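As structure tokens, the structure follows; a few thoughts come after it.
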Amino acid sequence: MILDYAEINDLNRYKIMSDTVVPRPIAWVVTEDDGILNAAPFSYFIPISSNPATLIIAIGEKEEGIPKDSLANILKTKKATICFANKDNVDKVKLSSTMLAKEQSEILEYGIDVEKVLEDFPPMISSSQSALFCEYYDTVKIPGKTTPVILEIKKQFIEDDRINEKMHIKVDNVGRSGVFFKAMVDL
Ligand SMILES: Cc1cc2nc3c(=O)[nH]c(=O)nc-3n(C[C@H](O)[C@H](O)[C@H](O)COP(=O)(O)O)c2cc1C
-11 MILDYAEIND
-1 LNRYKIMSDT
9 VVPRPIAWVV
19 TEDDGILNAA
29 PFSYFIPISS
39 NPATLIIAIG
49 EKEEGIPKDS
59 LANILKTKKA
69 TICFANKDNV
79 DKVKLSSTML
89 AKEQSEILEY
99 GIDVEKVLED
109 FPPMISSSQS
119 ALFCEYYDTV
129 KIPGKTTPVI
139 LEIKKQFIED
149 DRINEKMHIK
159 VDNVGRSGVF
169 FKAMVDL
């Protein structure tokens, strides 16, 4: 069967794309605005280059013409800390995808523990095995309601026993597969 995207509406495209491009990593993004900490998961997310060390996250609108809080904060402060989901924190990941008012913090609302690891970046989520401390790099212009933002990784936290002397890293991330969360398995 050939699916012709010209004949598929946005909702069905979303379903087809997110059920096909699997598993997708989840960027659990922490941002800050005037002391209010925001956390939200994004799975339209992928690294794009090692030098500059960049990744892209595509963030939609909260409502017509109003960006989601994460995007508004990134564009304002130029900073984001990307954390990762695992089996122990996936329930909080789900909760933090609830659309709250801009002045409300998912971190406070859902009791998500965070740690200020670096002075110049938003805190990381304590239960994440790794975190990427990023600065805004660029925005990709596409028509429609989604804004792909490119972020540059400046620093990374990794739990000491998850990196070896050859710089290989082992993390137990949970990813997105359609509407489900999936853990990785070794093959
Ligand atoms: C696993 C998961 C992945 C998500 N991926 C995206 C995404 O890639 N882009 C997006 O705009 N929203 C995505 N969402 C929805 C946002 O997390 C949700 O709209 C959230 O309320 C945005 O929060 P904010 O306004 O605080 O930024 C995802 C939700 C979940 C649970």
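First residue of the sequence shown? That's -11 in the numbering used here, and the numbers climb one at a time after it. All residues carry an ideal CB built from backbone N, CA and C; glycine is no exception. Note that the structure is a prediction, hence the values are computed from the model and not measured.
In whole angstroms, give me the CA-to-CA distance for residue i and residue j.
i           : j           : result
residue 126 : residue 59  : 12 Å
residue 104 : residue 112 : 6 Å
residue 25  : residue -10 : 44 Å
residue -4  : residue 152 : 46 Å
residue 22  : residue 57  : 13 Å
residue 10  : residue 73  : 15 Å
residue 96  : residue -6  : 43 Å
residue 7   : residue 54  : 27 Å
residue 81  : residue 167 : 13 Å
residue 98  : residue 156 : 33 Å
residue 41  : residue 118 : 16 Å
residue 160 : residue 130 : 33 Å
residue 150 : residue 52  : 42 Å
residue 135 : residue 174 : 34 Å
Starting from residue i, follow the alpha helix (DSSP H) in both directions and report where the run begins and ends.
i          : result
residue 60 : 57 to 65
What do you reckon, is the C-beta of residue i under 8 Å from a heavy atom of ligand 2?
i          : result
residue 69 : In the structure shown, ligand 2 is absent; the only ligands present are ligand 1.
Between which two residues does the beta strand (DSSP E) holding residue i run?
i           : result
residue 164 : 162 to 165
residue 170 : 168 to 171
4 or more residues per run - each alpha helix (DSSP H) lying fully within the stretch -7 to 74: -2 to 8 and 57 to 65, all fully within the stretch -7 to 74.
Stretch pair the stretch 106 to 120 + the stretch 141 to 161: three plus CB contacts closer than 8 Å: Two segments are said to touch when three or more pairs of C-beta atoms, one from each, lie closer than 8 Å; by this definition the stretch 106 to 120 touches the stretch 141 to 161.
Three-pair Cβ contact test at 8 Å for the stretch 34 to 43 versus the stretch 74 to 91: The answer is no - the stretch 74 to 91 does not touch the stretch 34 to 43, with fewer than three Cβ pairs under 8 Å.
Given 8 Å, three or more beta-carbon pairs between the stretch 13 to 31 and the stretch 41 to 61: Verdict: yes, contact present.
Continuous alpha helix (DSSP H) assignments of at least 4 residues falling wholly in the stretch 73 to 136: As for any alpha helix (DSSP H) of minimum length 4 sitting wholly inside the stretch 73 to 136, the runs are 78 to 83 and 94 to 97, ordered along the chain.
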